[in-house]
Amino acid sequence: MSNDEAGRITSCRWEQGKVVDEGFPLADVSDLLQREDSLIWVDLCEPDHAGLRALADELGLDRHAVEDAVSAGERPKATRHAKHTFLTVYATQLVSGAETSSAPADPDASGRESRLRTSRISAFILPRGIITVRSSADFDMHQVLERWNDDPELLQLGVGALVHGLLDTVVDGHFESIQQLDDAIEGLEDLLFEERGQVHVVQVRTYRLRKELVELRRVVLPMRDVVNAVLRHRGELDQRHTELDGFYDDLFDHVLRAAEWTESLRDMVTTIFETNLSLQDARLNTVMKKLTGWAAIIAVPTAVTGWFGQNVPYPGFGRPWGVLFSAGVIAGVAITLYGVFRRRGWI
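For the sequence shown, the residue numbers in full-length UniProt numbering are 1 to 347.
Below, the structure written as structure tokens:
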């Protein structure tokens, strides 16, 4: 595979599932697409809008699809146009490893920032090729190319094999991000039930996980509609190969699993948030019981010494055994209360 224009354009051509040409210029794309035995792929990373429009005019790409390929904020979708199908998906990545340990984190503003990064990949699916447009180089297309080249027999089934390889790689990335978030939630559960009760750390991590799951949900859930649309339009682009049906069914199953897993993690984070509030209430009740118990114990010597400190005669007044009697009363009642509160778990 070779590149052009400082690594922004990559191209490859297969015949009978084998690579026969790489790094060909964009000017040759329209001619190569006319060859019956050719299957081509062109990747444009952060393309110049004018250059993309020129290629679109040459290949007859829909102008609305071209605008969608370079516009920010497009949702995952697959749309059928007159000469091609256009799809947009998002690859995901957690920029740092998931936090699975219960070690305290620095609860500053950076700890609340989402670690999830998304990379948009748009694709124009033609009868004998696919043109991908990336908004950034964060998503590495080499892994997609390796997946294509690892199965030459599959490539002989046409452009549907290229589309499957691209979508399958993106969905695998979704699974990796979901797994990392799942591990982070397990670590948060361990931290939640620690005796020290690091409330602020739990709150910061819970907030961050909820934000990341919301962002992940926005790109994972629409994948069901994308794969469905590709399945509907695949037969219209080239001769339908029934051999690919099993591959797409497996891909759709993976998409469903990713969506369901994301939803379950969202419920888990909500449960952790609610459990954290309940544990705070429980810890507060425990503290209040302990304070009440010790206050009752401390009140005994205060009451006894206050009584015996009155300027009136009392049992043992003016005699040494009076002091011993008052000390005995204090110790006896205090020990009795301590035993009662201890048995009830108040202290």
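From the three backbone atoms N, C-alpha and C, an ideal C-beta is built for every residue, glycine too.
On a predicted model such as this, the values are computed, not experimentally measured, just so you know.
Are the segment 26-34 and the segment 54-69 in contact at 8 Å, needing three or more beta carbon pairs? yes
Sorted by chain position, which residues of the same chain lie with C-beta nearer than 8 Å to VAL219's C-beta, five sequence neighbours on each side aside? PRO76, VAL89, TYR90, THR92, THR118, HIS174
What are the partner residues of GLU58, as DSSP defines its beta bridges? Answer is none; GLU58 lacks a bridge partner.
Does the distance from the C-beta atom of VAL214 to that of LEU167 stay below 8 Å? no
What would DSSP say about GLU22, mapped onto helix, strand or coil? strand
Start and end of the alpha helix (DSSP H) containing VAL199? 199-220
Over the uninterrupted alpha helix (DSSP H) stretch that includes VAL171, give me the two end residues. 159-192
State the start and end residues of the unbroken alpha helix (DSSP H) segment that holds VAL42. Not the alpha helix (DSSP H): VAL42 falls in the beta strand (DSSP E), residues 38-45.
Taking all protein chains shown into account, do 16 or more other C-beta atoms lie within 10 angstroms of the C-beta of PHE193, making it buried, or fewer, making it exposed? exposed
Alpha carbon of LEU244 to alpha carbon of GLN203, nearest angstrom: 47 Å
The alpha helix (DSSP H) that contains GLU146, what's its start and end? 142-149
So the candidates are ALA137, GLN180, GLN179, ARG147; which of them puts its Cα closest to the Cα of HIS164? ARG147
Does DSSP put ARG343 in a helix, in a strand, or in coil? helix
Nearest neighbour of SER96, chosen from PRO152, SER122, GLN180 [CA to CA]: GLN180
In three-state DSSP terms, what is GLY129? strand
Label ASP106 either buried or exposed according to how many other C-beta atoms from any shown protein chain fall within 10 Å of its C-beta, with 16 as the threshold for buried. For ASP106, the pLDDT reaches just 48, beneath the cut-off of 50, and the residue's location in the model is therefore unreliable, leaving the point undetermined.
When the Cα atoms are used, what is the spatial distance from ARG53 to GLU189? 51 Å
Residues bridged to GLU15 [DSSP beta-bridge criterion]: LYS18, SER38
CB-CB length for TRP41 against SER71, believed under 8 Å: That belief does not hold up - the Cβ atoms of TRP41 and SER71 are roughly 23 Å apart, past 8 Å.
Under 6 Å Cβ to Cβ from ASP225, same chain only, skipping five residues before and after it: list those, please. none
Whose CA, out of VAL66, GLY111, SER177, lies closest to the CA of ARG134? VAL66
Straight-line Cα distance separating VAL144 from ASP253: 20 Å
Under 8 Å: do the segment 288-303 and the segment 324-334 share three or more Cβ pairs, one atom per stretch? yes
Let me know if ALA50 comes out buried or exposed under the rule of 16 or more other beta-carbons within 10 Å of its beta-carbon. exposed
CB-CB length for VAL171 against VAL255, believed under 8 Å: 6 Å
For MET223, count the other beta carbons within 10 Å of its own beta carbon; 16 or more makes it buried, fewer makes it exposed. Which is it? buried
According to DSSP, simplified to helix, strand and coil, what is ASP136? The sequence given here places Ser at residue 136; Asp does not occur at that position. Three-state DSSP puts SER136 in coil, outside helix and strand.
Any idea what DSSP makes of ARG280, helix, strand or coil? Going by the sequence as given, residue 280 is Gln instead of Arg. Helix at GLN280.
Compute the distance between the beta-carbons of SER177 and LEU116, then report whether it is under 8 Å. yes
Report, in whole angstroms, the separation of the C-beta atoms of ASN149 and VAL19, which I expect to be a contact under 8 Å. 7 Å
Based on the DSSP secondary-structure assignment, which residues constitute the bridge partners of LYS83? Bridge partners of LYS83: none, in fact.
Do CYS45 and ARG8 come within 8 Å of each other at the CB atom, strictly closer than that value? yes
6 Å CB neighbourhood of SER122 in its chain, flanking five on each side removed: ALA69, THR88, VAL133
When burial is assigned at 16 or more other CB atoms within 10 Å of the CB, is VAL269 buried or exposed? buried
Can you give me the Cβ contacts of LEU291 inside the same chain, cut-off strictly under 8 Å, excluding the 5 residues immediately before and after it? none
Please name the residue, chosen from LYS289, LEU324, PRO320, that lies closest to ARG342 on a Cα-to-Cα basis. LYS289
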